[in-house]
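Colleague: This is the structure I want to talk about, given as structure tokens.
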Amino acid sequence: FFFVSFVDITAVMSCCGGRPCGGYRPEPDATLEHFSSRYPKLGLQKDAWAVAATGLPQFDEYNDGLEVLQEGDTAPFVYTGEHLRACNFPLGGFGCGHVLLCGDGTLKDWTVVNQCRKADGGPWDAPAPLHCMPSNWFAVSATVQGQAKQTYALISPQNYTETTTALPPGQEAHVSQHEVCRLQTIPGIKALTMRCRYPIADVAYDIPGFPVHMSLEAMTPAIPLDSKASCIPVAVFQFSLKNTGSVPVEVSVMQAQQNFVGWDGFVDCTRAHTSFWGGNVNTPFQTEAVGGLSMTSTSVASSTPDTYGTIAIAGVAAPGVNVEVISQAANEQDLYAKFQAGALQPTTASPTPPSADGTSYCGAVVQTVTVPAGGSQTVDFYLCWHFPNRSRSRSAPGKPYEKLLPSILG
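Numbering (my numbering), first residue to last: -8 to 401.
Structure, rendered in structure tokens:
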């Protein structure tokens, strides 16, 4: 049986001088007290969070800071409550960079655009990344005949506490003001529990009053004795939907994604204007197996080191599953509003026009399925990236997966 601890992997990557690959840890004197005045604590009472238009309140039992959990209070590898602040589960093939599935249910800390950091100050050195990227999360809506539709972002603020919001950017467990403000404008869910055993993370969602039970299995390719299959830049997400009621439920699951092609891998992207964006295009596509969005930029030449590339999100075609897209949203609030309103497009729709200078689009893939009374369904999503022009290499420029995967669609 092949098993590698992801903690061990990030601790010994030679490309980063023994530091976590592409990551950042504060210097010893960068204490919480030192930063507390620069990053003021936020009031995180239960009435701070957005409330869905329909459905039961999610945060009636929310208490600022949660209970203090002791070692042994949960099963091994299980994260809940305040322990979720320690959950940063890497997704992505070996040598491909990764994105982290974090304790609030979002995807963060992207290291896919050839970032690396060495300790010797040499030509391959790079500044510490901030990794603040909007619009990388999941959402769900459900409709029972004769009842109003319920819609939620699958994000929980369990680890959004006064302590974590006061941490400086880049420090483990830091929660940004952007993340807090997002759940003040987009309704999230009460709680989630994560069970993390690399290369698979299982997430159970607690959504009071929701007509189906939801869970997620997120995985990264790690195939014993098959190094090639383990070096594919992809993350796989399978949502399980269980209807314990007596009537069918129509359920839509959304995978949201920011088109960040052109990003340098380090700068905070949560501001309204970012200089390295502009000319970004989202293109719906459909193959025999999947349908989704391909994200590119007309402003980044194919010869550009590091930042040239493509992102793709896709839903797996299956009987009874309808795959649609939201190709163009200005921000994550706009994206959520379109999902809630059912403003979806077919996967054969036209590409978006190039985005204006300094801006980019976010987009989404939406899968809709009817879950029969007493039945279950699954929907599968892929997240892929392809940034082949790695310049910080002691040998020939390039990325190992470029030889295996010449383009994002193979």
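Ideal placement from N, C-alpha and C gives every residue a C-beta, glycine not left out. Predicted model, so just to flag it, every value in this text is computed and none were measured.
Does the Cβ-Cβ distance between leucine 183 and valine 362 come in under 7 Å?
Modeller: No; because the gap between Cβ atoms is not below 7 Å, this pair is not in contact.
Colleague: To the nearest angstrom, how far is the alpha carbon of glutamine 149 from that of glycine 94?
Modeller: Approximately 8 Å, taken between the alpha carbons.
Colleague: Whole angstroms is fine: what's the gap from proline 160's alpha carbon to valine 166's?
Modeller: Each residue's Cα considered, the two are about 8 Å apart.
Colleague: Classify glutamate 323 as helix, strand or coil using the three-state DSSP reduction.
Modeller: Reduced to three states, the DSSP call for glutamate 323 is helix.
Colleague: Taking just the CA atoms, how far does histidine 169 sit from threonine 265?
Modeller: When rounded, the distance between both Cα atoms is 15 Å.
Colleague: Which class does valine 171 belong to by DSSP, given the choice of helix, strand or coil?
Modeller: Correct three-state label for valine 171: helix.
Colleague: Would a C-beta distance cut-off of 7 Å place threonine 45 and glutamine 141 closer than the cut-off?
Modeller: It is a contact, given that the beta carbons lie within the stated cut-off.
Colleague: Taking 7 Å as the threshold (C-beta atoms), are threonine 261 and cysteine 123 in contact?
Modeller: Cβ atoms of cysteine 123 and threonine 261: closer than 7 Å.
Colleague: Glutamate 153 lies in the alpha helix (DSSP H); which residues open and close that run?
Modeller: It spans 153 to 157 - the alpha helix (DSSP H) in which glutamate 153 sits, taken as one unbroken run.
Colleague: Could you spell out the range, first to last residue, of the beta strand (DSSP E) harbouring glutamate 208?
Modeller: Element bounds for glutamate 208: 204 to 210.
Colleague: Which of the three DSSP states, helix, strand or coil, is assigned to arginine 381?
Modeller: Arginine 381 falls in the coil class under three-state DSSP.
Colleague: Taking the straight line between their C-alpha atoms, what separation do you get for tryptophan 128 and lysine 99?
Modeller: Their Cα atoms are separated by approximately 9 Å.
Colleague: Can glutamine 229 and glutamate 208 be called in contact, C-beta distance under 7 Å?
Modeller: In contact: glutamine 229 and glutamate 208 (Cβ atoms closer than 7 Å).
Colleague: Whole angstroms is fine: what's the gap from glycine 72's alpha carbon to serine 367's?
Modeller: Going by the C-alpha atoms only, they are around 28 Å apart.
Colleague: Work out the CA separation of threonine 295 and alanine 43 for me, nearest whole Å.
Modeller: Roughly 43 Å between the two C-alpha positions.
Colleague: Hey, how far is the Cα of asparagine 79 from the Cα of leucine 91?
Modeller: Going by the C-alpha atoms only, they are around 5 Å apart.
Colleague: Rounded to whole angstroms, what is the Cα-Cα separation between aspartate 217 and glycine 83?
Modeller: Between aspartate 217 and glycine 83, the C-alpha separation is close to 15 Å.
Colleague: By alpha-carbon positions, which one of Phe85, Phe50 and Pro48 ends up nearest to threonine 211?
Modeller: Nearest of Phe85, Phe50 and Pro48 to threonine 211, Cα basis: Phe85.
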